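For what it's worth, the numbering used here labels the leading residue of the sequence shown as 5, then goes sequentially.
Just so you know, even glycine gets a beta-carbon here, dropped at the ideal spot from N, CA and C.
Predicted model only: the values in this text are computed from it and were never measured.
Quick notes on the structure that follows.
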Amino acid sequence: MSVSDPIADALTKIRNAYRAGHTQVHVNHNRLVEALVKLLAAENFVNSVQVLDKDLEKKINYKRILVNLRYTNDGAPVIQGLVRISKPGRRVYVKADDIPSVYNNTGCAIISTSQGVMVDRDARQKRVGGEYICKVW
């Protein structure tokens, strides 16, 4: 089955895994999704990210990404909110001066720029705008 929005699918899988209390989740591989979850790992929203190649012996016919989820000491999820902003039906682009801050800079906005996928503070520092993919807090 073909997924029309792989980014929203990956974000929904991560959000649902947190709500169910899972420690890890598999998401479908895509270069943009891989960059997005690696950014979540760099920002300490998830513990680790591992790209799994296809393995015909284990009956895995496509690449997947294994995301190890992160919880606080009392068992609460680190990610409180994960919202897709730019969608296939309505793309949202921001200029370098108009990049929003998420929850007074306690969260981060993920921007896809011409210099790669980056968080809002890096995009402001490099003075580049782009597509406003999602926000995480």
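Within the DSSP bridge table, the entry for H26 names no partner. The closest CA to that of R88, considering only I103, T76, A113, is found on A113.
Straight-line measurement puts the Cα of A100 at about 31 Å from the Cα of L73. Judged by DSSP in its simplified three-state form, R74 adopts coil rather than helix or strand. Between V41 and P10, the C-beta gap is not smaller than 8 Å, which leaves the two residues out of contact. With contacts defined as CB atoms closer than 8 Å, V29 and I18 qualify as a contacting pair. Within the DSSP secondary-structure output, I114 pairs in a beta bridge with V123, C138. Looking at the backbone, the Cα of E61 and that of A80 are separated by about 37 Å. Between V132 and L43, the gap from beta carbon to beta carbon reaches 8 Å or more. DSSP places L40 in the uninterrupted alpha helix (DSSP H) bounded by 35-46. Beta-bridge annotation (DSSP): L15 is not paired with any residue. When the five nearest sequence neighbours on each side are left out, the beta carbons in the same chain lying within less than 8 Å of the beta carbon of S105 are those of A113, D124, in order along the chain. Bridge pairing for I64: D59 [DSSP].
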